[in-house]
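Everything on this sheet refers to the single structure shown next.
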Amino acid sequence: MVGYSAVAAENTENRMLGSKLTQGYGLRAVALLVIVFFFVGCGERAGDIDKLITDARQQHDKGNNSAAIIHLKNLLQKSPENAEARYLLGVIYNDTGDFSSAKEELGRALKLGYDPAKVIPPLAKSLLMQGEFQKVLDQARVEGDAPNPVQAEILTLRAMASIGLGRKQEGRELLEQALIKQPEFADALLAQARLAASENKLDEVARLIERAIASAPKSIEPWMMKGDLARVRADEAGATAAYQKVLEIKPDNVLARLNIALVQTNAGRFDDARKQIDQVRKIAPNNLLAVYMQGLIEFRKNNYTAAREEVLKVLKVAPDHLPSVLLAGAVEFALGSQAQAQLYLRRVLDRVPNHLYARKLLVASLAKSGELPRAIEVLQPGLKQAPEDGALMTLAGELYMQSNEPAKATEFFEKAAQLDPKNAEARIQLGMSRLAVGATDRALADLESATQLETDKYSADVMLIISYVKRRDYEQALKAAAKLEKKQPNNPFTYTLKAQIYIAKKDVAAARKQLQHALELQPTYIPAARNLTQLDLQDQNPQAGRRRFEAILEKDKNNAQALIALAEFGPLLGATQQEQIDWLERARKANPAAVQPQLMLARLYSNAGDTKKALELAQQAQAGSPNNAEALVTLGNIQLAAGDNNQALTTYLKLTALNPKSPDALYRLAGVHALSGNRTEAVITLKKALALKPDFVDAKAALVNLEIAAGHLPEAMVIAKQVQKQVPRSELGYTLEGDVLIAQKQYQQATKAYEIAFAMGRSGTLAIKLHAAYTHAGKPQEADVRLARWLKDSPEDAVARLYIAEAGLKSGKYQDAIEQYEWLLRKLPNDVRALNNLAWAYHQVKDPRALQTAERAYTLKPANAAVADTLGWILVEQGNTKRGIEVLQKAVEAAPNMLEVRFHLAQALAKSGDRAQAITQLERIVAGDATFSKRSDAVALLKQLNH
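Residues 4 to 950 (the working numbering) are what the sequence shown spells out, left to right.
Given below as structure tokens:
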């Protein structure tokens, strides 16, 4: 996936916060001079109520909003219908940033009959700060008979709402009208400054702010914006000084404190930032921006789950608060919930199309979801908007690399490196893209250069080491690893990577030593544990591997990576299928949003024959990540296994729609077309895949196989010959030629083609094909000798051994089959297929181990019809007819269309004396598939029972 960090995308979070300089409606209050007039009502009030209002007004004028709120709340307990108190409380809530409460109180004041001319401006402000721009336009209307200052204020509010809705020109015109009504009106000047900021005209922003300060020196808003500008310019001291000036004017101003907290957060001073937030909560306990800031701190500290909890609190009350929507998108991206992240990020871009950070993050999220064409499409406006943005150029290069367009990727990486010659990441990516286009020497030079640029990071070192290993230049790889060790002496990854070099050199002892050191540094480091387990398996010590992961789980019982690793290695470690399921269920509970455990569980249930459960899990995973390519592939495969070709076709069509340039997706779609009998579409789709990836081995082979199956043997041979010319050093073309010759029954010629292929690329698959060709050519002894020679040279080739075993079963060479299945089961003790077939072979040679072997297979897969059939029939033939019938009935229930299983049940019923039930089963068999190999036996038994 795209290597793009939500945190590293910008060097400050000002954009994420929706800085007023670029957004207009972030942490700060809108620049309004709210002039509050207090009038005594018509009727004489009680003295204590009158005093409470006076006290509240005085405290507010002093900037002591906490005390003012207490006075007003006491008043409203005695007189809840007091409109003036509601109005004043709403104004103060605006000042403290509690815009939701402000909206509520000002709304009540309006209903209680308080002067709309006074209520509408602060009410519009509360709506504006919550992102409810259309409501501002609906409620804040300019009355022609209103005083000019009031008209200027309303015009400014409407301007900012229009800008918030993306109607900049309309907003600009309204601000000009406001400044005609009241020249040098500070709020209008600040709104113009925001517009200038959105166009990156920072000098003009500074001039407009100074004019606003001169016009209203005691207004907090110009100082707030001055702090914002300083923060954008990375002037931490200047920003803090401006925000402190706000606190001199209004000591209880929470927005200034929150901005100071923001500066501290950007500097990594999280404890200082939390102190500011605590002060805000004392002043305004319900302040949503304090909650937002807490979420931002958690995000910056990589506590993404906690960050999600905080930002959702804000969005529950203020769903249109744009900075929170953006933060939510970044959080979901970090948590891997890409579908949800994309929903949030699109909302930001719908409102602010030029928000570059949101666009970068959306592009990265789409790429992580496998939606590369869509990611490239979303990227394009950003490339036009910011052609000098090095990070954006790097992101573009990464996308084109993933889209299998390395030449285009190199163009963007070169531009990124030119824009920022000291950017190690750009240099690394340039090196990788040059490797992809074959410019190896230049690529290695780029990577060497990047290692010098990265003093506290090490990604360039890693890429350089990997590149040397691929070239088999192990000495240079070890030298590069020594440099990495100096940079990262306490990082377990360093030693895990060194181990890979030694493994490539076949120095297992040195590799094991490096991996053990990695685990000493970090006992729960899964990559090292995985690699050591692989070495344990090579040493035929699976229990050591299992104990290693169990030791990690003793330290961290919910370590999802360890649980997943155990499940992946499961059969090799001697684990039962139920243990694998239990491990994956624990991993799923540890991280419910993670897709991988769900997909692994789905595949496990599918392999176990529980298609219903497998489909349920695959559908859940795909619903949670609708555009996840792996989820779609898994779902499609399970649908195919369930025989639902139509649903599988729908799934793979969606996969190809999301990834129209993915050869693999097209290849899978072609497979579904072929299984559905739609050869024409299969061929067309394969040709599309090959157009994208001409050397796609599987697609070439599939195309030849389709032509062979259709009887188009000359056409198949043409393709095989084309492959020989296209990839002359590959065995593929001659293998395909041999396949065509086998179909033409030219077995002797087929052996020659396969011999050429085998000489070019020895493999178990070709050894098997050669065995079959020699056997058909009437040379079975030579066939056996050659295959035996292959096994002597490659004794670990399980596929070849499985071929011999299954060939032995078919030909009646049961001892050969037994020998190979026993070998396979020493490697995979719980391989159900091998256990089942071994039980059958034992039974054929009257080996007493048949029953216990069948029982083992049945214990592992009781729902598998073939396994149940084997056990049931062995029981019947050994005299345990009653239990044999019970097991065979379960087999028939699991696979009602498997006639051989049903025939075994009929025979068992007849043997038990249950003539009626036996006849019922036999009648169904006779009425079924006429090609059933034992149909004549079934007819004979039916006649016997009917007489």
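The C-beta atom is built at its ideal place from N, Cα and C for all residues, glycine as well.
As the structure is a prediction and not an experimental result, all values here were calculated from the model.
Worksheet entry | For G298 and R311, the rounded distance between their alpha carbons | Mapped onto the sequence shown, residue 311 falls at position 308. Mapped onto the sequence shown, residue 298 falls at position 295. R311 and G298: Cα-Cα distance of roughly 7 Å.
Item to complete: Report buried or exposed for S939, applying the criterion of at least 16 other Cβ atoms within 10 angstroms of its Cβ.
Response: For the purposes of this step, residue 939 is taken as the residue at position 936 of the sequence shown. For S939, the number of other beta carbons within 10 angstroms of its own is below 16, and it is reported as exposed.
Worksheet entry | Whole-angstrom distance between G241 and N269, CA atom to CA atom | Taking the first residue of the sequence shown as 1, we reach residue 269 at position 266. Taking the first residue of the sequence shown as 1, we reach residue 241 at position 238. Whole-angstrom Cα-Cα distance: 14 Å.
Worksheet entry | Inter-residue spacing [alpha-carbon to alpha-carbon] between A337 and H779 | Residue mapping note: residue 337 aligns to position 334 of the sequence shown, counting from 1. Residue mapping note: residue 779 aligns to position 776 of the sequence shown, counting from 1. Taking the straight line joining both Cα atoms gives about 58 Å.
Worksheet item: Any beta-carbon of chain C closer than 8 Å to the one on L620?
Response: You won't find chain C in this structure, because it holds only one protein chain.
Worksheet item: What's the call for V266, buried or exposed, on a 16-neighbour Cβ count within 10 Å?
Response: On the sequence shown, residue 266 is found 263 positions in, with the first residue counted as 1. Result: buried.
Worksheet item: Roughly how many angstroms lie between the CA atoms of L874 and Q855, to the nearest whole one?
Response: Against the sequence shown, residue 874 aligns to sequence position 871. Against the sequence shown, residue 855 aligns to sequence position 852. Approximately 9 Å, taken between the alpha carbons.
Discussion item. Going by DSSP in three states, A941 sits in which element: helix, strand or coil?
Written reply: Translated into the one-based positions of the sequence shown, residue 941 becomes position 938. Correct three-state label for A941: helix.
Fill in: E553 burial status per 10 Å Cβ neighbour count (16 or more: buried)
Mapped onto the sequence shown, residue 553 falls at position 550. The residue is exposed, with fewer than 16 neighbouring Cβ atoms inside 10 Å.
Worksheet item: Would DSSP call E391 helix, strand or coil?
Response: Working through the sequence shown from its first residue, we reach residue 391 at position 388. In this structure, E391 counts as coil in the three-state DSSP scheme.
Item to complete: Can you tell me which of L258, E224, I263 puts its alpha carbon nearest to the alpha carbon of T243?
Response: Numbered from its first residue, the sequence shown carries residue 243 at position 240. It is I263 whose Cα lies nearest to the Cα of T243.
Item to complete: Could you name the residues of the same chain whose beta carbon sits closer than 6 Å to that of A105, not counting the 5 residues immediately before and after it, in chain order?
Response: As a working mapping, residue 105 is identified with position 102 in the sequence shown. G93, Y96, N97, S129.
Worksheet item: Quick one: is D834 buried, meaning 16 or more other Cβ sit within 10 Å of its Cβ, or exposed?
Response: Here residue 834 is taken as the residue at index 831 of the sequence shown, counted from 1. So D834 ends up on the buried side.
Practice prompt. Please confirm if the segment 637-648 is in contact with the segment 344-361, defined as three or more CB-CB distances below 8 Å between the two stretches.
Written response: A contact is defined here as three or more CB-CB pairs under 8 Å, and the segment 637-648 fails this definition with respect to the segment 344-361.
Practice prompt. Tell me the start and end of each unbroken alpha helix (DSSP H) in the segment 255-331 that is at least 4 residues and wholly inside, in chain order.
Written response: Given a length threshold of 4 residues, each whole run of the alpha helix (DSSP H) inside the segment 255-331 is given here in chain order: 257-269, 273-286, 291-303, 307-320.
Practice prompt. Using 10 angstroms around the beta-carbon of G815, count the other beta-carbons present and answer buried if the total reaches 16, otherwise exposed.
Written response: Counting from one through the sequence shown, the residue named residue 815 turns up at place 812. It counts as exposed.
Worksheet entry | Cβ-based burial, H950 [other Cβ within 10 Å; buried from 16] | Numbered from 1 along the sequence shown, position 947 holds the residue referred to as residue 950. By the beta-carbon neighbour count (other beta carbons within 10 angstroms, threshold 16), H950 is exposed.
Worksheet item: Tell me which same chain residues have a C-beta within less than 7 Å of the C-beta of Y861, skipping the five on either side of it?
Response: Working through the sequence shown from its first residue, we reach residue 861 at position 858. Once the five neighbours on either side are set aside, the close Cβ partners of Y861 are V870, A871, L874.
Discussion item. Classify Q541: buried if its beta carbon has 16 or more other beta carbons within 10 angstroms, exposed otherwise.
Written reply: As a first step, residue 541 is located in the sequence shown; it is residue number 538 there, counting from the start. With fewer than 16 Cβ atoms within 10 Å of its Cβ, Q541 is classed as exposed.
Worksheet item: Assuming S628 and A344 make a contact with CB atoms under 8 Å, what is their CB distance in whole Å?
Response: Taking the sequence shown and counting its residues from 1, the one referred to as residue 628 is at position 625. Taking the sequence shown and counting its residues from 1, the one referred to as residue 344 is at position 341. In fact, because the Cβ distance is near 11 Å, the residues do not count as touching under 8 Å.
Item to complete: Enumerate in chain order the residues of its own chain whose CB-to-CB distance from R671 is below 6 Å, with the five nearest sequence positions on each side excluded.
Response: In the sequence shown, residue 671 corresponds to position 668, counting from 1. Correct list, in chain order: Y655.
Item to complete: State whether the segment 315-334 contacts the segment 605-615, with contact taken as three or more CB pairs (one from each stretch) at a distance under 8 Å.
Response: By the criterion of at least three beta-carbon pairs nearer than 8 Å, the segment 315-334 is not in contact with the segment 605-615.
Item to complete: Classify D141 as buried or exposed, calling it buried when 16 or more other Cβ atoms lie within 10 Å of its own Cβ.
Response: Start at 1 with the first residue of the sequence shown, and residue 141 comes out as number 138. Exposed: under 16 other Cβ atoms inside 10 Å.
Discussion item. DSSP three-state label for K204, please.
Written reply: Residue mapping note: residue 204 aligns to position 201 of the sequence shown, counting from 1. Under the three-state reduction of DSSP output, K204 falls in the coil class, being neither helix nor strand.
Practice prompt. State the DSSP-derived secondary structure class of L35, mapped to helix, strand or coil.
Written response: Against the sequence shown, residue 35 aligns to sequence position 32. Model confidence at L35 stands at a pLDDT of 23, short of 50, so the residue's coordinates are unreliable; what they give is reported in the following sentence. Residue state, collapsed to three classes: coil.
Practice prompt. Count the C-beta pairs between the segment 171-182 and the segment 204-214 that are closer than 8 Å, then say yes if the count reaches three, no if not.
Written response: With the cut-off at 8 Å, the segment 171-182 and the segment 204-214 do not touch.
Worksheet item: What distance in whole Å lies between the Cβ atoms of R89 and R111, which are believed to be in contact at a cut-off of 8 Å?
Response: Within the sequence shown, the letter at position 108 stands for residue 111. Within the sequence shown, the letter at position 86 stands for residue 89. Rounded, the Cβ-Cβ distance is 5 Å, consistent with contact.
Worksheet item: Which first and last residues belong to the alpha helix (DSSP H) in which P717 is found?
Response: Here residue 717 corresponds to residue number 714 of the sequence shown, with the count starting at 1. Start and end: 716-729.
Fill in: Buried/exposed call for N256, threshold 16 Cβ in 10 Å
Counting from one through the sequence shown, the residue named residue 256 turns up at place 253. Taking all protein chains shown into account, N256 has 16 or more neighbouring C-beta atoms within 10 Å of its C-beta and is therefore buried.
Worksheet item: What separation, rounded to the nearest whole angstrom, lies between the Cα atoms of D510 and K795?
Response: The sequence position of residue 510 within the sequence shown is 507, counting from 1. The sequence position of residue 795 within the sequence shown is 792, counting from 1. CA-CA distance, D510 to K795, rounds to 23 Å.
Worksheet entry | Per-residue DSSP class, three states only, for T884 | Position 881 of the sequence shown, counting from 1, holds the residue named residue 884. The answer is helix: DSSP assigns T884 an H, G or I state.
Practice prompt. Taking the CB atoms as reference points, tell me whether A857 and A842 lie closer together than 8 Å.
Written response: Along the sequence shown, one-based indexing puts residue 857 at 854. Along the sequence shown, one-based indexing puts residue 842 at 839. Here A857 is near A842, since their CB atoms are less than 8 Å apart.
Worksheet entry | Within 8 Å, strictly: CB atoms of I379 and L395 | What you label residue 379 is simply residue 376 of the sequence shown in a count that begins at 1. What you label residue 395 is simply residue 392 of the sequence shown in a count that begins at 1. Against a cut-off of 8 Å, the Cβ pair of L395 and I379 comes out as no contact.
Fill in: C-alpha gap between E374 and N630, whole angstroms
Residue 374 sits at position 371 when you count from the first residue of the sequence shown. Residue 630 sits at position 627 when you count from the first residue of the sequence shown. Computed Cα separation, rounded: 7 Å.
Worksheet item: Mind checking A429: buried by the 16 CB within 10 Å criterion, or exposed?
Response: If you number the sequence shown from 1, residue 429 lands on position 426. Residue confidence is low: A429 scores 45 on pLDDT, short of 50, so the model does not pin down where it sits. Its coordinate-derived value is still stated next. Classification of A429: buried, given that the 10 Å Cβ count is 16 or more.
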